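Just so we're aligned: the sequence shown equals residues 4 to 450 in my numbering.
All C-beta atoms, glycine included, are put in the ideal place defined by N, C-alpha and C.
Note that the structure is a prediction, hence the values are computed from the model and not measured.
Accompanying notes for the structure given below.
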Amino acid sequence: TLGDGILMNLAPADVRKTGRCLDLALAMAYAAVVLGLEDASEGGLVFFGELLLSGEVRAVPGSLGVALATARRRAGLVLPRENLAEAALATEPPLFPVTHVGEALEALRGRGAAYRGARGVPAAGEPTGPDLSEVQGQFQARRALEVAAAGQHNLLMEGPPGAGKTMLARRLPTILPPLDDGALLETARIASVAGRPDPAACRVPPFRSPHHTATPAGLAGGGTPIRPGEFTLAHRGVLFLDEFPEFDRRALEVLREPLEEGVVHLTRAGSVRKFPSRFLCVAAMNPCPCGYFGLGDGRCRCTPRQVAAYRGRLSGPLLDRFDMRVFLHPVKPHLLFDQADGESSAAVRARVLSARDRQGARWGMALTNATVSGRELRRLTRYGTKERDLLVDLVSRHGLSARATRRLERVAWTLADLAGDPAVGAPHLLEAASFRLMSAPAAAGPP
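Have a look at this one:
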């Protein structure tokens with residue numbers, strides 16, 4: 004209750020309201036009553052921002068989501084000038100940027116200056132950042148990275164320190180398709196709510212690399228008020244989990260839901276919050292605590308029990324959700340000093356885009372092989388006798404689960420798409436199986 008018997012209430016009354024974003028709205032409502040002002044703007048105004056005792060209006064997170072919601076109400080939005088760049092990604096509503104409460108009062112009187120600058124999402128440009136051509140050797144890992152990008156398949160890379168696992172993962176966004184307008188607004192809204200907007204780089208798929216000490220809440224989201232975690236910040240992009248077995252077991256288990264469903268559900272105070280978390284997961288691990296197990300050069304000093312305990316930190320159900328696994332052998336010395344550059348990110352991205360186009364034409368609604376429903380996968384996959392017998396033999400011989408079998412088929416479809424083949428054949432199934440079942444060091448050079 005404010006002076007003169009004025010009661011400030013926000014509906015619904017039974018929902019507790021928190022957050023500094025309400026400051027400006029409450030102040031304008033009070034001013035309208037005390038000063039006898041009426042909203043003179045056409046369609047009404049929404050006020051959003053933090054208000055200091057000095058009258059200064061400060062930025063708050065979430066302005067893009069508020070702008071999109073205000074557009075649906077056909078109202079105008081009065082917001083802090085610092086939030087203008089992210090709110091301008093929405094083509095509507097009219098924006099009235101302010102720095103002081105006096106400017107907000109002018110907007111309430113209908114005399115505010117609306118923003119007339121550029122609106123909407125930026126045009127697509129060439130991705131910037133590290134290029135795939137800088138990677139020396141690791142031809143099989145490069146192939147796995149291309150397949151992962153083309154079909155949006157989760158990838159687990161294993162190898163000794165210095166083999167190039169992190170180097171490869173950080174170049175994955177440069178071969179992914181740029182975000183379309185819908186995906187761009189999704190990721191920009193998430194970044195806005197998290198207080199990390201970057202309108203200049205929002206065409207590039209997000210890349211998140213949380214440290215292995217991250218808590219389950221830091222990964223899945225939480226806090227007061229609830230904020231999105233790393234899974235949601237990686238939505239439509241890449242989540243890179245380096246030193247995979249070093250993550251807390253509870254943190255790893257919460258990864259299973261987004262890998263399977265593409266969402267995170269958080270239950271807090273009797274309510275359930277749903278955060279989008281559809282990302283391409285790339286994990287990297289050493290083969291043992293010291294990192295040199297399986298190389299056969301005598302450097303590994305780990306006991307069999309230590310190796311088993313280290314690898315046992317990853318549960319079977321979690322590993323089952325990775326479509327591909329690849330072992331990175333140390334790069335051969337002569338390849339390290341090869342002056343010729345490898346294939347560039349632009350060349351690989353062109354093949355990835357062609358494969359994505361084939362998937363969109365086959366599944367519809369811009370779906371990928373990794374995200375299409377199991378029903379659609381079975382409906383449109385037709386094997387000949389040779390392919391069916393081969394697949395049955397692979398499943399029987401290696402004891403693949405139903406989930407692992409479907410994921411193998413999805414990778415085979417992506418390999419067919421990259422090759423421009425209209426159907427899955429035996430070579431695609433065999434290569435998909437080699438990625439799925441690989442557990443020994445791979446050759447470091449081309450065949």
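| Check | Outcome |
| --- | --- |
| Backbone CA spacing between residue 219 and residue 40 [nearest angstrom] | 49 Å |
| Rounded separation between residue 237 and residue 10 - CA only | 42 Å |
| Rounded straight-line distance, which links the Cα of residue 279 to that of residue 187 | 13 Å |
| Alpha-carbon to alpha-carbon, residue 410 and residue 338 | 33 Å |
| Unbroken alpha helix (DSSP H) run spanning residue 192, endpoints | 184-196 |
| Inter-residue spacing [alpha-carbon to alpha-carbon] between residue 13 and residue 31 | 13 Å |
| Distance, residue 378 Cα to residue 142 Cα | 34 Å |
| Rounded C-alpha distance that separates residue 224 from residue 402 | 36 Å |
| In DSSP terms, what residue 103 is bridged to | 59 |
| Residue 287 in three-state terms, based on DSSP | strand |
| Under the three-state DSSP convention, the category residue 257 falls into | coil |
| Coarse secondary structure for residue 317, derived from DSSP in three states | coil |
| Three-way DSSP call (helix, strand, coil) for residue 439 in this model | helix |
| Residue span of the beta strand (DSSP E) that contains residue 249, given as start and end | Run containing residue 249: none; DSSP gives neither H nor E here. |
| Host alpha helix (DSSP H) of residue 270 (start-end) | Premise fails: residue 270 lies in the beta strand (DSSP E), 266-271, not in any alpha helix (DSSP H). |
| Closest by C-alpha distance to residue 176, when choosing among 429, 25, 211 | 211 |
| Residue 181 at chain C interface by Cβ criterion, 9 Å | Among the chains of the structure shown, chain C does not appear; only one protein chain is present. |
| Beta-carbon proximity of residue 290 to residue 297, cut-off 9 Å | yes |
| Nearest candidate by alpha-carbon position, reference residue 112, set 118, 104, 119 | 104 |
| Of the residues 209, 118, 157, the one placed nearest residue 182, counting alpha carbons only | 209 |
| Rounded straight-line distance, which links the Cα of residue 215 to that of residue 257 | 14 Å |
| Residue 162 to residue 286 span [Cα, whole Å] | 11 Å |
| Under the three-state DSSP convention, the category residue 229 falls into | coil |
| Residues bridged to residue 327 [DSSP beta-bridge criterion] | 158 |
| Cβ neighbours of residue 61 in the same chain (closer than 7 Å, five flanking residues each side left out) | 52, 53, 55, 83 |
| Proximity test, residue 376 beta-carbon vs the ligand SAM heavy atom, cut-off 8 Å | Ligands in the displayed structure: none, and consequently the ligand SAM is not present. |
| Exposure of residue 168, with buried meaning 16 or more beta-carbon neighbours within 10 Å | buried |
| Check whether residue 436 and residue 331 have beta carbons under 9 Å apart | no |
| Segments of 4+ residues assigned as alpha helix (DSSP H) that fall wholly inside the segment 390-430 | 405-422 |
| Residue 277 - partner residues in DSSP beta bridges | 268 |
| Helix, strand or coil at residue 307 [DSSP, three-state] | helix |
| Reference residue 153, options 397, 431, 353, closest by Cα | 353 |
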